[in-house]
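*Asks:*
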Amino acid sequence: MINGVINTIEKNSMIKENDRIVVAVSGGPDSICLLHLLFKLKDKFSLSICAAHVNHCIRGEAADKDEEYVKKFCKKLNIQFYVKKVDVNKIAKEKKLSSEMAGREIRYEFFEEVKRKFGANKIAIAHNANDQAETIMMRIIRGTGTEGIKGIRPVRDGYYIRPLIETKRLDIEKYCEDEKLMPRIDATNLERDYNRNKIRLDLIPYIVDNFNEDIVGSLNRLAELVTIDNDYLEKVAKSEYKLYCNECEKQVIISKKAFFSDAAILSRVIRKAILYLVSSKYNFEKKHIDSIIKCQKSATGKQINLPSSMIVYNNYGDIYLKLKKEEKCISNKEYILNINETNAIHEEKLIIGIKLIHNSNDINLKQSDNIKYFDADKAGKNITVRYRVDGDKFMPLGMKNNKKLKDIFINLKIPREERKKIPLICFGGEIAWITKFKISEKFKIDNNTKKILEIKIEREE
Numbered sequence: 001m002i003n004g005v006i007n008t009i010e011k012n013s014m015i016k017e018n019d020r021i022v023v024a025v026s027g028g029p030d031s032i033c034l035l036h037l038l039f040k041l042k043d044k045f046s047l048s049i050c051a052a053h054v055n056h057c058i059r060g061e062a063a064d065k066d067e068e069y070v071k072k073f074c075k076k077l078n079i080q081f082y083v084k085k086v087d088v089n090k091i092a093k094e095k096k097l098s099s100e101m102a103g104r105e106i107r108y109e110f111f112e113e114v115k116r117k118f119g120a121n122k123i124a125i126a127h128n129a130n131d132q133a134e135t136i137m138m139r140i141i142r143g144t145g146t147e148g149i150k151g152i153r154p155v156r157d158g159y160y161i162r163p164l165i166e167t168k169r170l171d172i173e174k175y176c177e178d179e180k181l182m183p184r185i186d187a188t189n190l191e192r193d194y195n196r197n198k199i200r201l202d203l204i205p206y207i208v209d210n211f212n213e214d215i216v217g218s219l220n221r222l223a224e225l226v227t228i229d230n231d232y233l234e235k236v237a238k239s240e241y242k243l244y245c246n247e248c249e250k251q252v253i254i255s256k257k258a259f260f261s262d263a264a265i266l267s268r269v270i271r272k273a274i275l276y277l278v279s280s281k282y283n284f285e286k287k288h289i290d291s292i293i294k295c296q297k298s299a300t301g302k303q304i305n306l307p308s309s310m311i312v313y314n315n316y317g318d319i320y321l322k323l324k325k326e327e328k329c330i331s332n333k334e335y336i337l338n339i340n341e342t343n344a345i346h347e348e349k350l351i352i353g354i355k356l357i358h359n360s361n362d363i364n365l366k367q368s369d370n371i372k373y374f375d376a377d378k379a380g381k382n383i384t385v386r387y388r389v390d391g392d393k394f395m396p397l398g399m400k401n402n403k404k405l406k407d408i409f410i411n412l413k414i415p416r417e418e419r420k421k422i423p424l425i426c427f428g429g430e431i432a433w434i435t436k437f438k439i440s441e442k443f444k445i446d447n448n449t450k451k452i453l454e455i456k457i458e459r460e461e
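Numbered according to full-length UniProt numbering, the sequence shown spans residues 1 to 461.
#1: Buried or exposed: which applies to residue 467, given that a residue is buried once 16 or more other Cβ atoms fall within 10 Å of its Cβ?
#2: Measuring alpha carbon to alpha carbon, tell me which residue in Lys400, Leu77, Arg388, Asn364 is nearest Ile455.
#3: When DSSP builds the beta bridges, which residues end up paired with Gln132?
#4: Quick one: complete beta strand (DSSP E) runs, 3+ long, within the stretch 307-346?
#5: Pick helix, strand or coil for Glu234, following the three-state DSSP scheme.
#6: Once the 5 residues before and after Tyr69 are set aside, which same chain residues still bring their CB inside 6 Å of it?
#7: Would DSSP call residue 464 helix, strand or coil?
#8: Does residue 468 come out as helix, strand or coil in the three-state DSSP assignment?
#9: Considering just the uninterrupted stretch of the alpha helix (DSSP H) at His36, what are its terminal residues?
#10: From Tyr350 to Tyr335, what does the alpha carbon distance come to, in whole angstroms?
#11: With a cut-off of 8 Å on the beta carbons, I'd call Ala379 and Phe443 a contact; round off their distance for me.
#12: What is the DSSP secondary structure of Thr384, reduced to helix, strand or coil?
#13: Do Ile254 and Val269 have their C-beta atoms closer together than 9 Å?
#14: Taking the beta carbon of His56 as the centre, do at least 16 other beta carbons fall within 10 Å, making it buried, or is it exposed?
#15: Assuming Lys168 contacts Asn130 (C-beta within less than 8 Å), just tell me the rounded distance between them.
#16: Assuming contact is defined by CB atoms lying nearer than 9 Å, are Glu177 and Asn220 in contact in what I supplied?
#17: When we look at the beta-carbon of His127 and count the other beta-carbons within 10 Å, is it buried (16 or more) or exposed?
#18: Excluding five sequence neighbours on each side, which residues of the same chain lie with their C-beta closer than 6 Å to the C-beta of Val236?
#19: On the DSSP letters alone, give me the boundaries of the beta strand (DSSP E) that Tyr82 sits inside.
#20: Would you mind giving the Cβ-Cβ distance between Asp30 and Leu164, rounded to the nearest angstrom? I have them listed as a contact below 8 Å.
#21: Quick one: using the 10 Å Cβ neighbour count with 16 as the cut-off for buried, is Cys248 buried or exposed?
#22: Along the chain, which unbroken stretches of the beta strand (DSSP E) at least 3 residues long are found entirely within the stretch 220-276?
#23: Identify, in the order they occur along the chain, each residue of the same chain with its Cβ nearer than 6 Å to the Cβ of Asn18, setting aside the five sequence neighbours on each side.
#24: Taking Ala63 and Ala24 to be in contact with their CB atoms under 8 Å, please state how far apart those CB atoms are, rounded to whole angstroms.
#25: Contact defined as beta carbons within less than 8 Å: I believe Arg388 pairs with Leu424. What is the distance between those atoms, to the nearest angstrom?
#26: Checking 9 Å against the spacing of the C-beta atoms, do Asn315 and Arg416 come in under that value?
#27: Just curious, the alpha helix (DSSP H) that Asn197 is in, first and last residue?
#28: Taking Tyr241 as the reference, which of Ile228, Asn230, Ser267 has the closest Cα?
#29: Does the Cβ of Met399 have 16 or more other Cβ atoms within 10 Å, making it buried, or fewer, making it exposed?
#30: Could you compute how far the alpha carbon of Val155 sits from the alpha carbon of Arg162?
#31: With C-beta atoms as the reference, is Phe110 less than 9 Å away from Lys71?
#32: For Phe260, is the classification buried or exposed, using 16 other Cβ atoms within 10 angstroms of its Cβ as the cut-off for buried?
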């Protein structure tokens, strides 16, 4: 068996010389086998290893005996031992999680903590080939795509390694017996209260007896083949995401061009956009991906709500994904601005500088979207900044008549949600500048201009 494990390690580049490894050890056959094997391989790979054990306080005296067993096992082999005792049920209740999910969260947090303390660069987990088969079967029953059929990865994030992932449980149990390791047995693994246990105890044995005696091997080979295909699709999707998606200000904009991609790539691009906004994809299903695609095919302005407080809306074929947040109401106040001053409006996080210029040689009309120039005499001294109100009109540069501000926003393809956030610079109550976009014909500089106003607008950090 040890040669098979070495083959898995080398095939997946799990371990290199002088690695420092934290081994997650529950006390059961899998983790004890893993710890013992890595101890045997210490000299071959020049390894430093330690053990990390979490006592979940769920199984009372049995859990304490597990802890004591692992402690003695490590002492016998002179392996450094780290332990954490925590009431998982209490934390699960506080965080409104299942005990299983809370336990997993606590374990992995502890493994990371031990990794830092021990100065490790790897964390070894004892998942085996049967765990892989059970995981794939459970996901197929629940409903999954190729990402789910990949199952448990041999290496995750570059440092979580699973040396036993190709080793069957029977071989692990035989190894423990041959080496007289006497691991602890978790009685809850024999209970049929959990779906995974039903798959382990009932479904897989039934398939072995009636359909395929090597179903565990078949499912593991399936995972390996699907991983190869899926990794290629992910590589293409990553390239398409960079090409068609724009991450900005806590939102992702997916270009309409992305929606001409093959369906296999498009769904992955959308998942990547979702993942940018939320740390977990658990609340998202195929139906949510489909609803985003349907939204893109709808008219501009179409908006839908998704799990994790996500808003999706169509802006002229481009799809905007953003998270709902408690936004302060946009002010309906007008703020007076003074000439030759830097006007800081902290309430709106705006800084507006106004400077009077007497020499037209001192200006650069193409300088920036956030700096514009106006005829000072036309502007007058009543200069204010505000946001849009119903009925606003504006005469764009080069035109002779007013247009509705709403129509201008539509022509500029500014998303509806963003329109109310655009500051408007006004002279004598009339809109002179839709900041970052357009200035008014009425206040432009011409051959008769004698004095010039330079207005610069910025956002406070």
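Beta carbons: idealized from backbone N, C-alpha and C, even for Gly.
*Replies:* Reading it off the structure:
#1: Because the chain here runs from 1 to 461, residue 467 falls outside it and cannot be looked at.
#2: Asn364
#3: According to DSSP, Gln132 bridges with nothing at all.
#4: 310-315, 318-323, 335-337, 341-345
#5: helix
#6: Gly27, Arg184
#7: No answer is possible for residue 464: it lies beyond the span of the chain, which begins at 1 and ends at 461.
#8: This structure does not reach residue 468, given that the chain is present from 1 up to 461, and the question cannot be answered.
#9: 29-40
#10: In the sequence on display, residue 350 carries Leu and not Tyr. Going from the Cα of Leu350 to the Cα of Tyr335 covers about 11 Å.
#11: 6 Å
#12: strand
#13: yes
#14: buried
#15: 6 Å
#16: no
#17: buried
#18: Ile265
#19: 80-85
#20: 6 Å
#21: exposed
#22: 245-248, 251-254
#23: Ser46
#24: With a Cβ gap of about 16 Å, Ala63 and Ala24 do not count as contacting.
#25: 7 Å
#26: yes
#27: 195-198
#28: Ser267
#29: exposed
#30: 6 Å
#31: no
#32: exposed
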